[in-house]
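Undergrad: Protein chains in written order, with the UniProt record's numbering: chain A, 1 to 164; chain X, 1 to 391.
Pasting a structure below so you can have a look.
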């Protein structure tokens, strides 16, 4: 009698395990069919664009690139922006890095796309306002704290980061 | 110099900090003569805006006297009594040229943060975290004002400091909500929130020709203040059903324009407050959009909702179905103050607008922490605490 009960429990346990396994397998199979998040296949070579509120002949008089963009090792193209929006400037580094190399370069602060992004923003600001605005952080009022250090790490690249 | 500094969540102190300096040729240094608390500071204080460091000087709504200018400043000189817009604009990018100053493309030296968070760079703001540029705030004896030719406005003779002070932020923010919300003569307008900005939005709606303006809050003293100084109707949301009350007062239609002047820490009396509070604490949503939801439901079909309250991230249970099917227009913005400040100073000079009544408590800078405690907890009927650094 005890043996029969044990056999029943074993069969029931095996059936439950099989059902659970089947469920997991079905979930895994359906999960595989879910499209993964789209990765930009052109991430490392895509043009970085910015629009400057100045006509093309003021942005690049006689075809001369404006500073500091002129000093960056990048391909550059430009065209008149639609409507009254000025000039679209596009740039991308001549040196393309992809995959792990690009990630490491970003971590080391040597990402050529970062250099181009910063140059585009500064060029825009110089052409539109004649200056590049500095932050009050240069004369700090803050004191070092652990959360502050975490924030520093997060914001450390805020000046040159972003969607641009 | 002396300044009121953020030290951590719900922790402020008055400290000695280095004087500000002219860092760009278009800067000025302003001696702050009055600087007021603002509801959006409470988001910093409560830790809802994460990019703050211990020691950051807060405050963004102020007036003062120019004491030094950079070599490329042309419209101002030392001695000018000025009100300064809380949002920093460069004055020459496409957004500034089109009077959308809070979308300035050159005034935030830390553009990467907002660019990634919101998909676009926004303007720098005084005393409003390192995500908004890392600029010092105005609760201090002195402040650096970048691009001063575009951001400071000379206060006309005869206009008092306390009236001019609110032309820095509360009055233009409120005016923007009414104007960009599309208020037209004959409209019925509802305003959620009777803080400084909400009251200014209500007053702006009346000045723009609204036939009826209804302001909503829960603090009796604020409702009484709105009724008395703005001249609008009021609803206490703790004693009635707001949407039912609005339907009953508008022939079943709902208000033509709804202005939300509450922001990410909205309160309510119902289950919503508990639900949003829990989700916010668990970081499952960042902001509590209780007043926005109500405004969308209350608004008449085809009407307009303007979000003036500050939001930073993501919200839950946003009634997109109501918005779409009722054909509503939804807009929002940080204030485009430079667009409105000259007009508001004129209205103040003529006596059509007198925002100084918002200054319920005036105190020294040393009393800053006490001022924020009163302001945050609405003690002694505090609507705005104003600090006088040189008093």
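All C-beta atoms in this analysis are idealised placements derived from N, C-alpha and C, irrespective of residue type, glycine included.
Can we say the region 72-81 of chain A touches the region 112-132 of chain A, given the rule of at least three CB pairs closer than 8 Å?
TA: The answer is yes - the region 112-132 of chain A touches the region 72-81 of chain A, with three or more Cβ pairs under 8 Å.
Undergrad: Please report the straight-line C-alpha distance between residue 17/X and residue 1/X, rounded to a whole angstrom.
TA: Taking the straight line from one Cα to the other gives about 6 Å.
Undergrad: Which residue or residues does DSSP assign as beta-bridge partners of residue 34/X?
TA: Partner(s): 63/X.
Undergrad: Output the residue ranges of the alpha helix (DSSP H) runs that lie fully inside the region 36-109 of chain A and measure 4 residues or longer, sorted by chain position.
TA: Segments of the alpha helix (DSSP H) lying fully in the region 36-109 of chain A: 56-59 and 99-108.
Undergrad: Name the residues in the region 39-56 of chain A whose C-beta lies less than 8 Å from a C-beta of chain B; which are they?
TA: The chain labelled as chain B is not found among the protein chains of the depicted structure, namely A and X.
Undergrad: Using a Cβ-Cβ distance cut-off of 7 Å, determine whether residue 111/X contacts chain A.
TA: Closer than 7 Å to some Cβ of chain A, the Cβ of residue 111/X qualifies, so yes.
Undergrad: Whether or not the region 111-127 of chain X and the region 47-63 of chain X are in contact is what I'm after, with contact meaning three or more pairs of Cβ atoms, one per stretch, closer than 8 Å; do they touch?
TA: Yes, since at least three Cβ pairs between the region 47-63 of chain X and the region 111-127 of chain X fall closer than 8 Å, the two stretches touch.
Undergrad: For residue 392/X, list the residues DSSP reports as bridge partners.
TA: Outside the modelled stretch of chain X, which goes from 1 to 391, sits residue 392/X, for which no answer is possible.
Undergrad: With residue 45/X and residue 372/X assumed to form a contact (beta carbons below 8 Å), what rounded beta-carbon distance in angstroms separates them?
TA: Between residue 372/X and residue 45/X the Cβ distance is about 6 Å, and since that is below 8 Å, they are a contact.
Undergrad: Of the residues that make up the region 131-162 of chain X, which ones have a beta carbon closer than 8 Å to any beta carbon in chain A?
TA: Result list: 131, 133, 134, 135, 136, 144, 146 and 147.
Undergrad: Where does residue 100/A land, buried or exposed, given buried means 16+ other C-beta within 10 angstroms?
TA: Exposed: under 16 other Cβ atoms inside 10 Å.
Undergrad: Measure how close the beta-carbons of residue 348/X and residue 169/X come, nearest whole angstrom, since I'm counting them as under 8 Å.
TA: At roughly 14 Å, the Cβ-Cβ gap does not stay under 8 Å, so residue 348/X and residue 169/X are not in contact.
Undergrad: Pick helix, strand or coil for residue 299/X, following the three-state DSSP scheme.
TA: Reduced to three states, the DSSP call for residue 299/X is coil.
Undergrad: Can you name the start and end residues of the beta strand (DSSP E) that residue 148/A belongs to?
TA: Element bounds for residue 148/A: not the beta strand (DSSP E) but the alpha helix (DSSP H), 146-155.
Undergrad: Please classify residue 5/X as buried or exposed, where buried requires at least 16 other C-beta atoms within 10 Å of its C-beta.
TA: Classification for residue 5/X: buried.
Undergrad: What is the rounded straight-line gap between the Cα of residue 326/X and the Cα of residue 87/A?
TA: Answer to the nearest angstrom: the Cα atoms are 39 Å apart.
Undergrad: Does any residue of chain A bring its CB to less than 7 Å from the CB of residue 10/X?
TA: No, residue 10/X does not count as interfacial toward chain A.
Undergrad: Which residues, taken in chain order from the region 14-45 of chain X, show a beta carbon closer than 7 Å to some beta carbon of chain A?
TA: For the region 14-45 of chain X, which is checked against every Cβ of chain A, the residues closer than 7 Å are 17, 18, 20, 21, 23, 24, 25 and 26.
Undergrad: Determine, using beta carbons only, whether residue 146/A comes closer than 7 Å to chain X.
TA: Output row for residue 146/A: interface = no.
Undergrad: Please look up how many angstroms separate the CB atoms of residue 154/X and residue 53/X, rounded, as I've assumed it's under 8 Å.
TA: So it is not a contact: roughly 34 Å between Cβ atoms.
Undergrad: For a contact defined as C-beta to C-beta under 7 Å, what are the partners of residue 139/A on chain X?
TA: The contacting residues are 18, 20 and 21.
Undergrad: Hey, is residue 325/X's beta-carbon within less than 7 Å of any beta-carbon in chain A?
TA: No, because no Cβ of chain A sits closer than 7 Å to the Cβ of residue 325/X.
Undergrad: How is residue 26/X classed by DSSP in three states: helix, strand or coil?
TA: It is coil, neither helix nor strand.
Undergrad: Would you identify the three-state DSSP class for residue 105/X, choosing helix, strand or coil?
TA: DSSP places residue 105/X in coil when its eight states are reduced to three.
Undergrad: Do you know how far the Cα of residue 208/X is from the Cα of residue 179/X?
TA: Distance between the alpha carbons of residue 179/X and residue 208/X: 8 Å.
Undergrad: With DSSP run on the structure shown, which of helix, strand or coil describes residue 221/X?
TA: DSSP places residue 221/X in helix when its eight states are reduced to three.
Undergrad: Taking 7 Å as the CB-CB cut-off, is residue 161/A touching chain X?
TA: For residue 161/A, the answer is yes, since a Cβ of chain X falls inside 7 Å of its Cβ.
Undergrad: Does residue 394/X come within less than 7 Å of chain A when only Cβ atoms are used?
TA: Look at the range of chain X in this structure, 1 to 391, and you will see that residue 394/X is not part of it.
Undergrad: If you drop the 5 nearest sequence neighbours on each side, which residues of the same chain put their C-beta closer than 6 Å to that of residue 70/X?
TA: 22, 25, 26 and 27, listed in sequence order.
Undergrad: Is residue 1/A buried or exposed, if buried means 16 or more other CB atoms sit within 10 Å of its CB?
TA: Model confidence at residue 1/A stands at a pLDDT of 48, short of 50, so the residue's coordinates are unreliable and nothing is read from them.
Undergrad: Quick check: the Cα distance between residue 72/X and residue 83/X, rounded to an integer number of angstroms?
TA: Approximately 20 Å between the Cα atoms of the pair.
Undergrad: Which value, in whole angstroms, describes the spacing of the CA atoms of residue 58/X and residue 90/A?
TA: Those two C-alpha atoms are separated by around 38 Å.
Undergrad: Measuring only between beta-carbons, confirm whether residue 115/A sits less than 7 Å from chain X.
TA: So no, residue 115/A is outside the interface.
Undergrad: List, in order along the chain, the chain A residues whose C-beta lies closer than 9 Å to that of residue 74/X?
TA: Within chain A, no residue comes near residue 74/X; the closest Cβ sits about 12 Å away, beyond 9 Å.
Undergrad: Tell me where the alpha helix (DSSP H) around residue 96/X begins and ends.
TA: Segment 94-97, the alpha helix (DSSP H) holding residue 96/X.
Undergrad: For residue 281/X, count the other beta carbons within 10 Å of its own beta carbon; 16 or more makes it buried, fewer makes it exposed. Which is it?
TA: The residue is exposed, with fewer than 16 neighbouring Cβ atoms inside 10 Å.
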